[in-house]
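Numbering (this note's numbering), first residue to last: 36 to 480. Cβ atoms here follow ideal geometry from the backbone N, Cα and C, with glycine treated the same way. Only a predicted model underlies this, so the values are computations on that prediction, with no experimental measurement involved. Reading through the structure tokens given below for one structure.
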């Protein structure tokens with residue numbers, strides 16, 4: 036369990052802004068949230084918080100068809116009753132068109148229609164529901180947006196980005212901050228334990244993704260590396276791993292820490308203006324598994340559960356790299372391939388999933404930009420190779436041992452291997468995803 040003194044308070048926005056104001060990079064973006072509540076009775080403030088941000092027009096609840104509970108009752112009914120006592124209120128239910136709800140054009144169209152003319156949008160649901168409502172409210176002119184978080188499963192609730200599905204490819208796009216985030220710990224405690232365990236898996240990316248971000252900066256293809264942003268969520272984070280057994284026991288203090296740290300990770304990405312602080316190889320692997328499942332019509336495991344398992348794989352890759360890399364290979368011509376050769380690899384990876392070529396086109400657009408930056412940064416890459424011992428020391432401090440991550444996941448009751456996922460991804464899919472890791476997006480990992 037983390038010493039509370041080492042965990043910044045995500046509800047104290049003034050203190051967070053003061054901490055982030057000393058910005059040696061000059062790139063940090065302001066936290067756009069107005070109010071964050073994390074408490075066992077946070078939901079009782081909902082009507083007040085909505086009233087503080089609402090414009091003229093009805094309040095529109097955006098939900099999906101998943102049942103949710105709080106203190107033995109129906110959560111959505113409780114939210115609706117709290118709002119109907121003060122405001123005209125309607126509900127938009129996002130319905131899955133292909134068996135499972137995705138943040139795709141169909142879901143966005145449903146949300147666009149449902150929130151038209153709203154004075155405030157209140158989302159109650161998963162990260163997907165939140166991302167759809169978030170993006171729709173932004174495109175509708177920035178309708179005030181309140182998030183009622185329903186599990187500690189992902190960090191989409193507290194950032195200003197949305198993960199959307201475009202031509203079958205998961206893309207993170209700029210969106211908007213929620214005005215208000217309400218994390219009622221009774222709701223969190225009543226969420227399916229598998230969802231909160233998935234949140235623990237999601238947070239394992241704290242111990243792999245920052246290394247990818249540092250590496251991208253060190254070789255000259257990403258100038259955004261900011262250790263102060265990483266410190267916002269990594270301070271004392273090892274205590275989270277040490278206390279993993281308390282999550283399996285549904286310890287209230289552990290759930291509160293999980294909620295606080297998850298909120299901080301979302302804020303950190305928003306401040307950085309990119310997902311890189313928390314999204315590296317482990318998230319990319321999860322996205323690729325999702326893409327394959329979407330094409331095949333297979334059900335998906337929880338996103339965070341996949342990320343936790345993928346973080347173990349990413350940490351293993353890092354351990355092998357840090358122990359075995361010969362930096363001289365980074366100075367050879369073969370390390371800087373021609374665009375035509377890389378495009379052929381992209382199409383070979385994705386055309387079997389989508390013979391129309393649209394998926395490969397979408398991936399190549401991003402990868403071609405990454406490749407252009409990589410080739411232009413050859414001098415920086417060679418300097419990195421020369422100074423490999425120093426960089427390796429920094430990277431070792433950013434990556435956890437795969438055994439430590441796997442052990443913590445097991446103690447939390449979360450999946451630690453692909454075979455533990457529900458449902459597990461087929462082994463050929465995982466092997467394909469590992470080969471396709473460099474071929475999907477413009478992020479350097």
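{"Check": "Using the three-state DSSP reduction, which class does residue 48 fall into: helix, strand or coil?", "Outcome": "helix"}
{"Check": "Thinking C-beta only, is residue 157 closer than 9 Å to residue 96?", "Outcome": "yes"}
{"Check": "Provide the residue(s) that pair with residue 158 in DSSP beta bridges, ordered along the chain.", "Outcome": "97, 182"}
{"Check": "Which whole runs of the alpha helix (DSSP H) in the segment 256 to 284 are 4 residues long or more, in chain order?", "Outcome": "262 to 269, 273 to 277, 279 to 283"}
{"Check": "Would you report the Cα separation of residue 173 and residue 125, rounded to the nearest angstrom?", "Outcome": "19 Å"}
{"Check": "Identify which residue in 418, 330, 76 has its Cα closest to the Cα of residue 386.", "Outcome": "330"}
{"Check": "Which partner residues of residue 216 appear in the DSSP bridge assignment?", "Outcome": "71, 182"}
{"Check": "Among the residues of its own chain, which have a CB less than 6 Å from the CB of residue 401, if the five just before and after it don't count?", "Outcome": "476, 477"}
{"Check": "Pick out the complete alpha helix (DSSP H) segments inside the segment 418 to 474, 4 residues or longer, and give them in chain order.", "Outcome": "423 to 433, 437 to 447, 462 to 471"}
{"Check": "Is the separation between the beta-carbon of residue 63 and that of residue 306 shorter than 9 Å?", "Outcome": "yes"}
{"Check": "Counting Cβ pairs, one atom from each stretch, are 3 or more of them under 8 Å apart for the segment 340 to 354 and the segment 231 to 239?", "Outcome": "yes"}
{"Check": "With distances taken Cα to Cα, identify the nearest neighbour of residue 355 among 212, 116, 430, 80.", "Outcome": "430"}
{"Check": "Are at least three pairs of beta-carbons, each pair with one atom in the segment 253 to 273 and one in the segment 40 to 51, less than 8 Å apart?", "Outcome": "yes"}
{"Check": "On the CB-based measure, 16 or more other CB atoms within 10 Å of its CB, does residue 364 come out buried or exposed?", "Outcome": "exposed"}
{"Check": "Which residue or residues does DSSP assign as beta-bridge partners of residue 108?", "Outcome": "105"}
{"Check": "Considering only the alpha carbon of each residue, which of 406, 110, 91, 92 lies closest to residue 100?", "Outcome": "110"}
{"Check": "Keeping to the same chain, check which residues put their C-beta closer than 7 Å to that of residue 426; ignore five residues upstream and five downstream.", "Outcome": "253, 419"}
{"Check": "Assuming residue 118 contacts residue 82 under a Cβ cut-off of 8 Å, what Cβ separation, rounded to an integer in Å, is found between them?", "Outcome": "6 Å"}
{"Check": "Return the CA-CA distance between residue 452 and residue 116, expressed in angstroms with no decimal places.", "Outcome": "42 Å"}
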